[in-house]
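Since the structure comes first, as structure tokens, the remarks are kept for the end.
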Amino acid sequence: MSALTSRRTEDSADDLKALYQELILDHGKSPRNLRPVEHPTCTAKGNNPMCGDKVTVSARVSEAGVIEDIAFEGRGCAISIASASMMTLALKGRTVDGARRLFAAVQGLCTGRMELTTAKAETPVEMSDALDELAALSGVRQFPVRVKCATLPWHALVSCLDGSATATTES
Amino acid sequence: MTAAARRLSSVPAFDVDAIRADFPILARQVHGKPLVYLDSAASAQKPRAVIEAITRAYTDDYANVHRGAYYLSETSTVAYEAAREKVRAFINASSTAEIVFTKGATEAINLIAASYGRAFIKAGDEIVLTALEHHSNIVPWDLLRTATGCVIRVVPVAADGTVALSDFAASIGPRTKLVAVAHVSNVLGTILPIRAIADLAHAAGAKILIDGCQGIVHAPVDVRALDCDFYAFSGHKLYGPTGIGVLWAREALLDAMPPYQGGGDMIETVAFSGCTWAPLPAKFEAGTPPIVQAIGLGAAIDYVTAQDRDAVRAHEERLLAYATAQLGQIPGLRLIGTAPGKAAVQSFVMDGAHPHDIATVLDRSGVCVRAGHHCAQPLMEVMGVPATARASFAMYNTITEVDALVTALIKARELLT
């Protein structure tokens, strides 16, 4: 019997509660920074071709490399919208370099490659507190096909910061 | 007695438990719950007869076809060609020369676009599609448009999912070369009036192609009665294996069409000064074909034909009627696709819950539904939704499974909204 079939029903219910916890549902229903950015210096679209979810991330980055404003537009499932919402809250006022490192940490948390303590240790001190909330996204690790939903806005963010126009979860 | 009740009372006897016993996978559990498989419109499960035919072909009778002058190649060829004859009889084609095996319906439609399309459709010629087409019946024509400068016209779909014959009449004209339409919508379940559309197409001097992926499963198909010119379908939605599909076309059309791919098996003579083609259908089957998949499809056709198809259809209609009534009682749930007399496919959306989140929650109750755009992005635009969840019902589904769907949806609503 495979690992999936042998898992108990109660585990499944717990997994669902971990995935759709209050924080995720709140951000999914009332996303923050769902708006255009004034005078953006970069914009990138994230597409998930499997489901058609689309998230466009825009940011205004200062010459010193600080993210002065960041916001997103688009549509998608609770996970992708919550992830985008929480991402914008975490990154406003942060450096581009810090954002990239936070992306690595979130990706590690979502795929299950990293636990929260490791993720925090690998993130700049001033940003590691943000991971306490972002760790809510790690519920997707029990749902392999949904990991892309959580990471979609972050892929768009990286494309945005890299100056390319689109990101796809297929890359 | 209402019409619906009368229909229910006249349902022919149908032993769904006996059917279920033929499908080994239905006995398994998912996340500790009985599997409730409601995604047969994406791909159907396989009866033991198909699985065993595949195993037998590899175990006892396998060799390449149309080649070796030895016993196994001969038996393999006989089995492969017997599958072609089964397909011919299944759709009432006049000859096996008209049955081309492909890797699926997608390849069949691409074959028509690449071969017939490039040979016979020119700049300014029109191709008529509907707004409910699957991407596999849109993208090949978009590619052809880029290559030739032909024009694509789109017949609209009404809010309930119906497509009006008058809109076909308005879209089909003297410049129409091809009408390419789904027999049954994979998202809405709408059944299109193929014979009437074919008459309109032929009156305008156009050909008509049917994407029969869902239609072939829904009810018996007679390509001559439908009076179509091309009919394409996949094996895996008809309880057969993946990697096998069928293109049926009128022999005269296949004769006039240039080859689609070049390679072994499709030639008569090859020389650097020029090649000649093998007779039909080999002309369109370059390379080693999906031999065992074709044999598996033949076994699936045997299985389907052995059922009382009227009873199967009545059973599926009963499941749909029950599901429609039950789903309609869930607050905030909206049915997408309510055309009269539709096939047993039901899309829906729920206020405040994205279809993907719904599908994830349902999965943990063992209920498999499709969520997303269903390879029909233009139709999602028409319906004003980014995506839907879709339950599709096959001969092996039960009323109890519809109840499981409804229970899981109520749970999803509590969790997500």
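Chains A and B, in that order, give the protein sequences. Here my numbering runs 74 ahead of the position in the first sequence, where the first position is 1. Here my numbering runs 611 ahead of the position in the second sequence, where the first position is 1. For every residue, glycine included, the Cβ atom is placed at its ideal position computed from N, Cα and C.
Determine the burial state of residue i: buried for a count of at least 16 other Cβ atoms within 10 Å of its Cβ, exposed for fewer.
i, result
"B/ALA704", "buried"
"B/ALA1031", "The structure shown does not extend to residue 1031 of chain B, since chain B is modelled only from 612 to 1028, so the question has no answer here."
"B/GLY816", "exposed"
"B/ASP968", "buried"
"B/GLN872", "exposed"
"B/ASP974", "buried"
"A/LYS91", "exposed"
"B/PHE1032", "Residue numbering for chain B in the displayed model covers 612 to 1028; residue 1032 of chain B lies beyond these limits and cannot be assessed."
"A/SER212", "buried"
"B/CYS839", "buried"
"B/CYS636", "A small fix is needed here, since residue 636 of chain B is Ile in this sequence, not Cys. When all chains shown are included, B/ILE636 counts as exposed."
"B/PRO658", "buried"
"B/THR971", "buried"
"B/THR713", "buried"
"B/ALA725", "buried"
Does any residue of chain B bring its CB to less than 9 Å from the CB of residue i?
i, result
"A/ALA230", "no"
"A/ARG215", "no"
"A/CYS184", "no"
"A/ALA152", "yes"
"A/SER212", "no"
"A/LYS103", "yes"
"A/SER157", "no"
"A/LEU93", "yes"
"A/GLY175", "For the sequence presented, residue 175 of chain A should be read as Arg rather than Gly. Not closer than 9 Å to any Cβ of chain B, the Cβ of A/ARG175 fails to qualify, so no."
"A/ARG134", "no"
Can you tell me which residues form a DSSP beta bridge with residue i?
i, result
"B/LEU946", "B/PHE959"
"A/ASP100", "BP columns for A/ASP100 are empty, so no partner."
"B/GLN640", "B/PRO645"
"A/ASP127", "A/ASN122"
"A/THR169", "A/VAL140"
"B/TRP859", "B/ILE710 and B/TYR842"
"B/ILE783", "For B/ILE783, which the question treats as bridged, DSSP gives no partner whatsoever."
"A/GLY148", "A/VAL129"
"B/LEU820", "B/ALA791 and B/PHE841"
"B/ARG764", "B/VAL739"
"A/VAL135", "A/ILE141"
"B/ILE802", "B/VAL795"
Could you name the residues of chain A that residue i contacts, counting a contact when the two beta carbons are closer than 8 Å?
i, result
"B/GLN988", "GLY126"
"B/ALA963", "In the sequence as displayed, the identity of residue 963 of chain B is Gly instead of Ala. Within chain A, the residues near B/GLY963 are LYS103."
When the cut-off is 9 Å and only beta carbons count, does residue i lie next to chain A?
i, result
"B/MET991", "yes"
"B/ALA1015", "no"
"B/HIS984", "yes"
"B/GLY939", "no"
"B/VAL972", "yes"
"B/LYS953", "no"
"B/ALA652", "no"
"B/GLY643", "yes"
Output, in chain order, the set of chain B residues within a Cβ distance shorter than 8 Å of residue i.
i, result
"A/CYS223", "HIS967"
"A/LEU90", "THR971, VAL972, ARG975 and LEU1026"
"A/ARG106", "The premise fails here: A/ARG106 is roughly 18 Å from chain B at the closest Cβ pair, so nothing lies under 8 Å."
Quick one: list the residues of chain B neighbouring residue i, beta-carbon separation under 7 Å, in chain order.
i, result
"A/LEU226", "Here the premise fails: no neighbours, minimum Cβ distance about 12 Å."
"A/SER86", "HIS642, GLY643 and ARG975"
"A/ARG220", "THR971"
Residues of chain E with a CB under 7 Å from the CB of residue i: which are they?
i, result
"B/PRO997", "Going by chain labels, chain E is absent from the structure shown, which instead holds the protein chains A and B."
List, in chain order, every chain B residue whose beta-carbon is nearer than 9 Å to that of residue i.
i, result
"A/LEU99", "LEU1026, LEU1027 and THR1028"
Query raised in the report: Do the segment 916 to 926 of chain B and the segment 663 to 671 of chain B make contact, defined as three or more Cβ pairs closer than 8 Å?
Result: No, the segment 916 to 926 of chain B does not touch the segment 663 to 671 of chain B.
Exercise for review: Count the CB pairs spanning the segment 691 to 700 of chain B and the segment 860 to 869 of chain B that are closer than 8 Å, and state whether there are at least three.
Suggested key: Fewer than three beta-carbon pairs drawn from the segment 691 to 700 of chain B and the segment 860 to 869 of chain B are found closer than 8 Å, and the two stretches are therefore not classed as touching.
| Can we say the segment 876 to 895 of chain B touches the segment 935 to 954 of chain B, given the rule of at least three CB pairs closer than 8 Å? | Because the criterion of three Cβ pairs below 8 Å is not met, the segment 876 to 895 of chain B and the segment 935 to 954 of chain B do not touch.
Check your understanding: Between the segment 923 to 942 of chain B and the segment 746 to 760 of chain B, do three or more beta carbon pairs fall short of 8 Å?
Key -> Verdict: no, contact absent.
Segment contact flag, the segment 773 to 787 of chain B with the segment 796 to 808 of chain B, C-beta cutoff 8 Å, min 3 pairs | Yes, the segment 773 to 787 of chain B touches the segment 796 to 808 of chain B.
Quick check: the segment 753 to 770 of chain B against the segment 899 to 918 of chain B, are at least 3 beta-carbon pairs closer than 8 Å? In short, these stretches do not touch, since the Cβ pair count stays below three.
Is the segment 174 to 186 of chain A close to the segment 138 to 150 of chain A, with three or more CB pairs under 8 Å?
By the Cβ test, the segment 174 to 186 of chain A is not in contact with the segment 138 to 150 of chain A, since fewer than three Cβ pairs between them sit closer than 8 Å.
Measuring CB atoms only, is the segment 112 to 119 of chain A touching the segment 201 to 219 of chain A, in the sense that at least three cross pairs come out at less than 8 Å? No: the two stretches stay apart, fewer than three of their Cβ pairs being nearer than 8 Å.
**Q.** the segment 161 to 176 of chain A contacting the segment 189 to 207 of chain A, beta-carbon criterion three pairs below 8 Å
**A.** Enough Cβ pairs lie closer than 8 Å, so yes.
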